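Residue numbers (UniProt numbering), protein chains in the order written: chain R, 1 to 388; chain D, 1 to 388.
Just so it is clear, CB atoms sit at the ideal spot from N, CA and C, and this is done for glycine as well.
All values reported here derive from a predicted model rather than from experimental measurement.
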């Protein structure tokens, strides 16, 4: 593992960082990780964190149960990066294409147990063929469509499940089944969230039973989304839970009711660069390049614009949002309908913006500046990577 | 300047690139650059291209009138990068903050004529103070608000203009006035676009006259946006035009009527990873991480979703759009209301997605893969940078 601390960063304070930049409150992050781990432990189901959110080895080692994993990734670049950093048990959780199998084989031959996912016979045949040709047996999980939101085999489609399962075993390894309850992001209220978790669980348990009854192996039964991971009350038959954004949380998760605003560990530090006083606008040097264009709260009960504005210690101003964003300009306004006063912020003052979507905002930055609670001392700078 | 060609890239073809990745059709790019240059030449007004779109020295040298500039940037990192590559005449076109002046001075002392912009007396006083303290006279342009869309001084606010101008000259250099007709993105039709260009021109010409009549210098009168640059018919009194996205164009510009679909030089190459046939969906390995979450066409007459889908040679399929996007998954669908048939695309087939917004999509990638017209040969890979 690489050294996490740069000497300059170890000396700095929030007030001296160049803006815009990305801040992580490690106290909140550690609390969020402990919360999900403590929640799953009594159910006896291990966590396989999704590292696509953080793309940082320092965050990964805190989220994983061991430095070797298990872990989930969304790109083969993530797989290669984390494998090079010592992670040994990885699922690449986007449907595999034949052209990516050479890279999968290369990573496996370097000692990482990398599994792929798929939902068609064509992909299964490609995995089996590549396994036979290379002599490297590639493990594959069948993706199940638990809620119709994206990819996967409907769990009741027995013929397709068995055809895929049998095709994998013609050279590859049928590792199990997996699903992602992406539809849970639209669930509102505890009852709906518990139902989404149960639907997710049932989909893979049913699919696993179909495979096993046909004599096919299915050791892994994997579920995962941050909302369902926090609301599941019964994980019978499930062997692992995947989740990603729980590490940092964000405004979308707060809007669904999975966390509170003061659990959100990620913020973008910005500097005031101007005013349009007669319009009630404050301009800052963080636009969509620093925040992303994720507007995930736009369909929630509280639309947070491009983010919720806090002071430099991380305390939200009342109803102040990043209402509009150009590439490197942000416009702060009081939320429509609010009677809150626009805070007095002078040119050069600093604010911190909580993001709608931690995965998207994180991706706009090359590093995390680490703080702890309300302290203004920046103890570390952790590198994060991007691209494919 | 760095070498532009990597030996591996020089050997590759579109079919062998790892996906998702970013493609630039250099034939279209060169045509777009020539078009704007040819348009402005008879009016005698030089182009100061905005390098925030491309963030690549290879694109910059093609867009600029000389390897030394002039150029516009949106961050000090861009200024430092292009200065290191030999550009000598740069405007940093986001309102300056006092904490960034040390970096501005450092860059100027290294030989680049870097100018800043501002719209308050506080910023002007900070520029003057830093100039006096450092001995490095910082040039500043006063930002004018021509259409109310963002920052700047209203051109009729004579008192504020003169106060700012006088404050700059207490140590700094009053270089001139500048504006950006961001409101022109909402204009529709040639008449409205010509009017936006004329309003933009008038705003800075009027402001320059106010300054000059008070005995203040105003050598530079700078306008700029890609829509107005392509529709201005009279640039009397203007000394330079800035524009950025004209180099690549995108679906938003096509929707406004500034370019045709087949002028768009940027696309994201992706691979088919699955189907949900009963829903009419094709899944690909490019989601919002590869495209950005820019939905700039959502309020235009034709909503292109997250992008318009072409075959691997760059020819659009009829009415096929990237209708939905998760982090690394994209869902292709026929546009609502269209009778077009879903094309037959097998797992492993490649498509190219034209972006809504070239600045936003480009920012998600670390390099450009260069092709020429319908040839599938990738002649170069050009590095692009990100961050602050």
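Query, Result
"Is it buried or exposed for residue 380 of chain D, if we count other Cβ within 10 angstroms and need 16 for buried?", "buried"
"State the beta-bridge partners of residue 90 of chain R as determined by DSSP.", "R/71 and R/114"
"Return the chain-ordered list of same chain residues with a C-beta closer than 6 Å to the C-beta of residue 132 of chain D, the five sequence neighbours on each side being excluded.", "171"
"Am I right that residue 187 of chain D and residue 219 of chain D are in contact with their C-beta atoms under 8 Å? What's the rounded C-beta distance?", "Not quite, the Cβ-Cβ distance comes to about 29 Å (not below 8 Å), so this is no contact."
"Please go through the same chain and pick out, in chain order, the residues whose beta-carbon is closer than 8 Å to the beta-carbon of residue 367 of chain D, but skip the five residues on each side of it.", "21, 22, 381, 382, 383 and 384"
"Quick check: is the beta carbon of residue 329 of chain D nearer than 9 Å to any beta carbon in chain R?", "yes"
"Please state whether DSSP places residue 50 of chain R in a helix, a strand or coil.", "strand"
"What ranges does the beta strand (DSSP E) occupy inside the segment 103-155 of chain D, keeping only unbroken runs of at least 3 residues that lie completely in it?", "113-118 and 139-144"
"Using beta carbons (cut-off 9 Å, strictly below), is residue 292 of chain D in contact with chain R?", "yes"
"Decide if the segment 331-351 of chain R is in contact with the segment 363-378 of chain R; the criterion is three or more beta carbon pairs, one per stretch, under 8 Å apart.", "no"
"So for residue 358 of chain D, helix, strand or coil by DSSP?", "helix"
"Check residue 169 of chain D in the structure and name its three-state DSSP category.", "coil"
"Taking all protein chains shown into account, do 16 or more other C-beta atoms lie within 10 angstroms of the C-beta of residue 7 of chain R, making it buried, or fewer, making it exposed?", "Here the model assigns residue 7 of chain R a pLDDT of 47, short of 50, so the residue's position is not dependable and the matter cannot be decided."
"Chain D partners of residue 23 of chain R, CB-CB under 8 Å?", "Correct list: empty, because the minimum Cβ distance to chain D is about 14 Å."
"Could you pull out every unbroken alpha helix (DSSP H) segment of at least 4 residues lying fully inside the segment 181-257 of chain R, listed in chain order?", "190-213, 226-231 and 251-256"
"So the beta strand (DSSP E) residue 333 of chain D belongs to, where does it begin and stop?", "330-334"
"State the beta-bridge partners of residue 272 of chain D as determined by DSSP.", "D/284"
"Do residue 224 of chain D and residue 241 of chain D have their beta-carbon atoms positioned less than 9 Å apart in this structure?", "yes"
"Any residues in the segment 223-252 of chain D with a beta carbon nearer than 8 Å to a beta carbon of chain R? Which ones, in chain order?", "none"
"Taking just the CA atoms, how far does residue 281 of chain D sit from residue 191 of chain R?", "30 Å"
"What residues from chain D crowd round residue 98 of chain R, counting only those whose CB sits closer than 8 Å?", "347 and 348"
"Please report the straight-line C-alpha distance between residue 299 of chain D and residue 302 of chain R, rounded to a whole angstrom.", "22 Å"
"Taking its Cβ as the centre, do 16 or more other Cβ atoms sit within 10 Å of residue 337 of chain D, making it buried, or is it exposed?", "exposed"
"Throw me the rounded Cβ distance for the residue 115 of chain D and residue 154 of chain D pair, which I believe falls under 8 Å.", "Actually they are not in contact, since the Cβ atoms of residue 115 of chain D and residue 154 of chain D sit about 22 Å apart, beyond 8 Å."
"Can you find the residues in the same chain that come closer than 7 Å, C-beta to C-beta, to residue 167 of chain D, ignoring five residues on each side of it along the sequence?", "121, 124, 125 and 128"
"Answer yes or no: does any C-beta atom of chain R fall closer than 9 Å to that of residue 119 of chain D?", "yes"
"Put residue 58 of chain R into one of helix, strand or coil per three-state DSSP.", "helix"
"Using the DSSP secondary-structure output, state which residues sit across from residue 371 of chain D in a beta bridge.", "D/25"
"Considering only their Cβ atoms, is the gap separating residue 44 of chain R from residue 235 of chain R smaller than 9 Å?", "yes"
"Quick one: which residues of the segment 351-372 of chain D get their C-beta closer than 9 Å to a C-beta of chain R? List them in chain order.", "357, 359, 360, 363, 364, 365, 366 and 367"
"Are any of the Cβ atoms in chain R nearer than 9 Å to that of residue 374 of chain D?", "no"
"Taking a contact to mean a Cβ-Cβ separation below 9 Å, would you say residue 232 of chain D touches residue 197 of chain D in this structure?", "yes"
"Whose C-alpha, out of R/94, R/222, R/144 and R/101, is nearest the C-alpha of residue 284 of chain D?", "R/94"
"For residue 179 of chain D versus residue 251 of chain D, is the C-beta distance shorter than 9 Å?", "no"
"Apart from the five residues just before and just after residue 260 of chain D, which ones in its own chain have a Cβ nearer than 8 Å to its Cβ?", "254"
"Quickly, what does DSSP pair residue 382 of chain R with across the bridge? List them, please.", "R/368"
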